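First residue of the sequence shown: 0, per numbering that gives the first Met the number 0; consecutive thereafter.
Where a beta carbon is used, it is the ideal one built from N, C-alpha and C, also for glycine.
Everything numeric in this text was worked out from a predicted model, so none of it was measured.
Notes for the one structure printed next.
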Amino acid sequence: MNRRNWCCQPLSRFAGITLVELMIVVGIVALLALMAIPNYTQYGRKAQRTEAQRMLMNWGNLQEVWRASNPTYAGTANIPAPTHGKYTFAVTATQSTYLLTATARGDQLKDKQGNTLCTPMTLDAAGEKLPAACWSKF
Numbered sequence: 000m001n002r003r004n005w006c007c008q009p010l011s012r013f014a015g016i017t018l019v020e021l022m023i024v025v026g027i028v029a030l031l032a033l034m035a036i037p038n039y040t041q042y043g044r045k046a047q048r049t050e051a052q053r054m055l056m057n058w059g060n061l062q063e064v065w066r067a068s069n070p071t072y073a074g075t076a077n078i079p080a081p082t083h084g085k086y087t088f089a090v091t092a093t094q095s096t097y098l099l100t101a102t103a104r105g106d107q108l109k110d111k112q113g114n115t116l117c118t119p120m121t122l123d124a125a126g127e128k129l130p131a132a133c134w135s136k137f
């Protein structure tokens, strides 16, 4: 083929890709999507869990600030519970201790760290965080 006349060659030599080649590419893209989507979903759940943990820690700090000025820890009437789209929050407070709980809802109920299901998550006045495997390193 003469380099100067490449444009004048019949188009049949440069017709493009075949249907088989296109189907192979579609199959590879589908396989990659099958591997990526579950990982993406789990990262989303972990991000929601980390946000709920941050809210529990902040609520625990507010409990300590309240207790410094009052004889008991606060209930939700004194310090409102945080709001989050994927978790519900509850407190059990007494004079000497509190237990803050974040319970997952919806798709977040499937959140796991290894084999440990990450709901409910709790934080108490002693700083104990359960389930321990689910808490991020702060």
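Return the bridge partner residues of residue i from the DSSP annotation.
| i | result |
| --- | --- |
| Leu99 | Val90 and Leu122 |
| Gln112 | Thr115 |
| Lys128 | Leu122 |
One question on the structure: do residue i and residue j come within less than 9 Å of each other, judged by their Cβ atoms?
| i | j | result |
| --- | --- | --- |
| Asp110 | Thr100 | no |
| Arg197 | Met120 | Here the chain comprises residues numbered 0 to 137, so residue 197 is not present and cannot be evaluated. |
| Thr102 | Ala89 | yes |
| Gly59 | Gly113 | no |
| Leu55 | Pro37 | no |
| Leu98 | Leu122 | yes |
On a Cα-Cα basis, can you pick out the residue from the options that is closest to residue i?
| i | options | result |
| --- | --- | --- |
| His83 | Arg104, Leu30 and Thr93 | Arg104 |
| Thr115 | Gly26, Pro130 and Leu108 | Pro130 |
Taking residue i and residue j to be in contact with their CB atoms under 8 Å, please state how far apart those CB atoms are, rounded to whole angstroms.
| i | j | result |
| --- | --- | --- |
| Thr96 | Ala124 | 4 Å |
*Starting from the N-terminal side, write out each stretch of the alpha helix (DSSP H) that is 4 residues or longer and does not extend beyond the stretch 12 to 55.*
none
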